[in-house]
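To start, the structure under review is shown below, and the notes come after it.
Protein chains: 2
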Amino acid sequence: MPRPTIDDVASLAGVSIKTVSRVVNREPNVREVTRDKVEKAIAELHYSPNPSARNLASHRARLIVLVYDDPGAYQAPSAGYIINMQQGALKACRTAGFELLIHPCNYRNRNVGKDLQELIGRVRPAGIIVAAPLSNMPKIVNAIKATKAPCVRLSTGSGNGKEYSVATNDREVSAEMTRFLASLGHRHIAFIKGNKRHKAVSNRFDGYRDGLKQAGLEYSESIVADGDNSIGSGEECAEKLLRRPDRPTAIFCANDDMAAGVLRVATRLGIDVPGQLSIAGCDDISLAQQLYPALTTIRQPLSAMAATASLALVDGARGNPPKPKLETIPGSIQVRESTGPAPK
Amino acid sequence: MPRPTIDDVASLAGVSIKTVSRVVNREPNVREVTRDKVEKAIAELHYSPNPSARNLASHRARLIVLVYDDPGAYQAPSAGYIINMQQGALKACRTAGFELLIHPCNYRNRNVGKDLQELIGRVRPAGIIVAAPLSNMPKIVNAIKATKAPCVRLSTGSGNGKEYSVATNDREVSAEMTRFLASLGHRHIAFIKGNKRHKAVSNRFDGYRDGLKQAGLEYSESIVADGDNSIGSGEECAEKLLRRPDRPTAIFCANDDMAAGVLRVATRLGIDVPGQLSIAGCDDISLAQQLYPALTTIRQPLSAMAATASLALVDGARGNPPKPKLETIPGSIQVRESTGPAPK
DNA sequence: TTGTACGCGTTATCAC
DNA sequence: GTGATAACGCGTACAA
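So the sequences go chain by chain: A and B.
Each residue of the first sequence is one higher than the last, beginning at 3 in this note's numbering.
Each residue of the second sequence is one higher than the last, beginning at 3 in this note's numbering.
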């Protein structure tokens with residue numbers, strides 16, 4: 003038995019297909035009784051519209067593309083980061099009846115822009131979500147904008163007032179984490195910076211300085227190190243920092259991977275965590291809980307951010323484009339085992 | 003400027019649209035010269051077929067659905083596991099001009115079967131890939147089979163000779179790992195079993211026993227523990243195992259998460275790894291390399307498996323369904339820091 | 001408020 | 001080998 007079509011529904015309900023279409027698409031100008039009749043027919047036949055036919059007729063697919071940096075590549079965000087975003091986007095898409103297409107891509111590749119445009123031209127998605135750090139790269143962003151397809155960028159670091167984008171309050175919550183460390187008695191709090199192309203990550207450094215000031219502590223460039231978001235760079239920075247005569251008693255890292263690197267070095271050097279050294283990260287990737295001791299970190303609401311972005315795109319496809327603004331979803335501190343009172 | 007259509011190509015090449023269609027779909031019965039003309043026109047116009055129109059007319063989408071257990075749920079496989087599969091499937095899909103739809107689902111949910119059928123009916127994918135442990139659950143598998151959509155199951159544990167499926171040589175490579183541990187001088191090699199619903203995981207236990215026999219070691223039920231694939235269960239089993247008077251000098255776990263749990267307990271108990279205890283896992287999820295010491299494990303070729311499954315589905319959509327067989331892709335041992343010579 | 005008729009860009013069935 | 005022409009299932013001016 004073939005799937006029921008809109009015609010089947012129409013004849014069963016005794017109306018025209020246009021009316022069915024109106025009901026299905028929640029358009030106005032349908033009488034209550036008519037709507038009920040149609041909905042009953044839909045239920046009876048288990049009708050659901052054919053997406054291909056819809057797309058063909060409307061020139062737009064009920065589909066959202068999630069673009070992010072390829073985890074197979076160098077310096078890529080970790081798997082948990084991606085899975086979280088996917089989850090959020092999927093959840094929002096499902097309740098809206100949209101599908102999610104994932105599109106990891108390597109920004110080091112010459113053809114990323116062209117590939118992206120080709121994809122967009124082919125599938126005609128209702129919208130595109132671009133994750134950090136891709137969301138801050140002109141090459142990527144401009145290529146997408148050229149297609150005129152609706153696009154929401156994640157964690158761009160700062161809004162420009164001209165478009166809708168979604169971010170978290172990195173700076174504020176990083177300041178909060180710094181104050182938290184200070185409240186534990188730490189006075190030498192080091193910081194490991196992350197990838198500079200990732201603006202949201204550099205916001206965390208600003209937050210660190212804010213927190214220092216708020217806690218009445220002095221900023222010292224000598225206990226700030228330059229990482230690149232990878233575990234390896236976390237190890238390198240840790241070795242440098244921990245070899246100093248005035249060794250910091252706490253290290254705050256711009257992401258969890260680097261914090262994991264610091265933890266590795268501490269374990270190797272026989273430095274007790276959190277007894278002699280407190281470590282804090284950012285992102286709350288699943289690794290954070292799997293380490294021993296489990297990492298104190300900042301939970302970035304990636305899932306909620308992706309869901310919010312998806313929703314905005316879905317609404318846009320339905321004729322309600324979001325107002326230009328930077329939507330901020332607050333992160334929160336997760337205190338676990340890697341932080342404790344400062345040693346005497 | 004709107005996208006070129008098949009009509010544009012046809013008129014530019016001076017042929018009918020049916021001929022263009024033949025060329026695009028690589029059908030026979032087209033003269034060499036005609037084909038060239040058409041291909042030139044296609045190149046000149048940068049033409050690419052509209053997927054929605056194709057799907058509508060052919061009743062099938064150029065799309066593959068990847069179904070796996072929801073990572074948000076209890077006992078779920080880790081993020082790295084999923085990302086790996088996605089990567090493999092995506093790679094194969096891209097070169098074939100197909101898209102990948104991801105569909106995490108929670109098998110504990112009452113409606114998984116119905117939801118799956120609804121999805122399949124809606125998008126009409128060219129095929130479906132079902133990952134373990136879902137691939138071994140009748141509820142899921144039967145629901146998909148009822149739709150008649152082509153389906154390839156991953157890691158079903160054993161082939162039934164009636165269908166095409168893809169797996170790895172869990173048993174053989176687990177035996178190899180056991181022999182490897184034995185070759186390091188270990189004579190008390192414990193094993194932590196995994197989720198029983200995951201057949202491929204239980205194959206590893208069989209491999210363990212094979213390896214023991216091959217190494218001339220005796221099997222003892224007393225140093226085998228029952229885990230459930232989670233980190234927590236790894237910890238529980240480890241505490242039991244490590245408290246025994248005849249403490250094992252090596253613990254081989256049916257997956258990496260449980261091995262991570264064992265490592266946590268060892269660290270907590272002050273047992274040196276690998277000096278006093280060797281630990282080995284299975285799967286080579288990214289966590290394995292991030293731990294300290296990094297985990298010796300078995301690399302499961304998930305990416306290659308997913309790619310192979312995708313390819314089979316794509317071929318099937320093109321009229322070349324794969325022969326019924328269990329396609330086996332070999333795994334390999336990754337020796338890292340968590341294993342070493344047995345203590346005296 | 002509701003319906004008619006056409007178009008969307010393919011594939012597929014025939015006839016030539 | 002090649003080409004009209006009818007589906008495919010839905011959206012949408014436009015008419016009623």
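Glycine included, every Cβ here is placed at the ideal spot set by N, Cα and C.
Run the CB neighbour count on residue i, radius 10 Å, all protein chains shown included, and call it buried at 16 or more, exposed below.
i: Lys93/B; result: buried
i: Ile8/A; result: buried
i: Lys164/B; result: exposed
i: Ala148/B; result: exposed
i: Tyr221/B; result: exposed
i: Ala78/B; result: Residue placement at Ala78/B cannot be trusted, given a pLDDT of 48 that sits under 50; the coordinates are not used to answer.
i: Lys346/B; result: exposed
i: Ala184/B; result: buried
i: Pro326/B; result: exposed
i: Glu101/A; result: buried
i: Glu237/B; result: buried
i: Asp286/A; result: buried
i: Asp35/B; result: Going by the sequence as given, residue 35/B is Val instead of Asp. Val35/B should be labelled exposed.
i: Gln216/B; result: exposed
i: Gly196/A; result: buried
i: Asp172/A; result: buried
i: Gly321/A; result: exposed
i: Asp274/B; result: exposed
i: Gly159/A; result: buried
i: Ser340/A; result: buried
i: Leu271/A; result: exposed
Look up residue i in the DSSP assignment and give the residues it is bridged to.
i: Val114/A; result: Paired residue(s): none; Val114/A is not in a bridge.
i: Asp228/A; result: Lys195/A
i: Leu65/A; result: Glu101/A
i: Cys95/B; result: Partner(s): none; Cys95/B has no beta bridge.
i: Leu156/B; result: Val168/B
i: Ala252/A; result: Ile191/A and Ser280/A
i: Glu329/B; result: Val168/B
i: Pro106/B; result: Tyr70/B
Can you tell me which of the options puts its alpha carbon nearest to the alpha carbon of residue i?
i: Pro343/A; options: Pro332/A, Leu279/A and Gly234/A; result: Leu279/A
i: Asn138/A; options: His200/A, Glu174/A and Ala145/A; result: His200/A
i: Pro332/A; options: Ala91/A, Glu178/A and Asp274/A; result: Glu178/A
i: Leu14/B; options: Ile233/B, Leu243/B, Arg28/B and His48/B; result: His48/B
i: Ala128/B; options: Val264/B, Pro135/B, Val67/B and Asp230/B; result: Val67/B
i: His61/A; options: Ile44/A, Glu46/A, Gly123/A and Asn171/A; result: Gly123/A
i: Glu174/B; options: Glu46/B, Ile225/B and Cys284/B; result: Cys284/B
i: Pro106/B; options: Phe207/B, Ala134/B, Thr330/B and Val26/B; result: Ala134/B
i: His190/A; options: Leu293/A, Ile281/A and Arg301/A; result: Ile281/A
i: Tyr83/B; options: Ala308/B, His188/B and Gly318/B; result: Ala308/B
i: Asp71/B; options: Leu243/B, Val132/B, Ile44/B and Thr170/B; result: Val132/B
i: Leu136/B; options: Lys198/B, Gln89/B and Leu297/B; result: Lys198/B
i: Ile142/A; options: Gln119/A, Gly161/A, Val125/A and Pro152/A; result: Gln119/A
i: Asp230/A; options: Met260/A, Asp212/A, Pro140/A and Asp248/A; result: Met260/A
i: Arg33/A; options: Val17/A, Ser312/A and Ala169/A; result: Val17/A
i: Asn162/B; options: Glu329/B, Ile335/B, His188/B and Ser334/B; result: Glu329/B
Please decide whether residue i counts as near chain B, where near means a Cβ-Cβ distance under 8 Å.
i: Ser50/A; result: yes
i: Tyr294/A; result: yes
i: Thr269/A; result: yes
i: Gly123/A; result: yes
i: Gln216/A; result: no
i: Gly163/A; result: no
i: Gln88/A; result: yes
i: Ile85/A; result: yes
i: Leu243/A; result: no
Between residue i and chain A, is the shortest Cβ-Cβ distance under 8 Å, so that the two count as touching?
i: Tyr76/B; result: Bear in mind that the predicted position of Tyr76/B carries a pLDDT of just 46, short of 50, making it too unreliable to give a figure here.
i: Pro276/B; result: no
i: Leu313/B; result: no
i: Leu14/B; result: no
i: Glu101/B; result: yes
i: Gly82/B; result: yes
i: Pro106/B; result: yes
i: Ile194/B; result: no
i: Ser185/B; result: no
Just to confirm, does residue i get its C-beta within under 7 Å of one of the non-hydrogen atoms of the ligand NAP?
i: Gly236/B; result: With respect to the ligand NAP, the structure shown offers nothing to examine, as it has no ligands at all.
Three CB pairs or more closer than 8 Å across the region 52-60 of chain B and the region 248-268 of chain B: no
Three-pair Cβ contact test at 8 Å for the region 206-213 of chain B versus the region 265-273 of chain B: no
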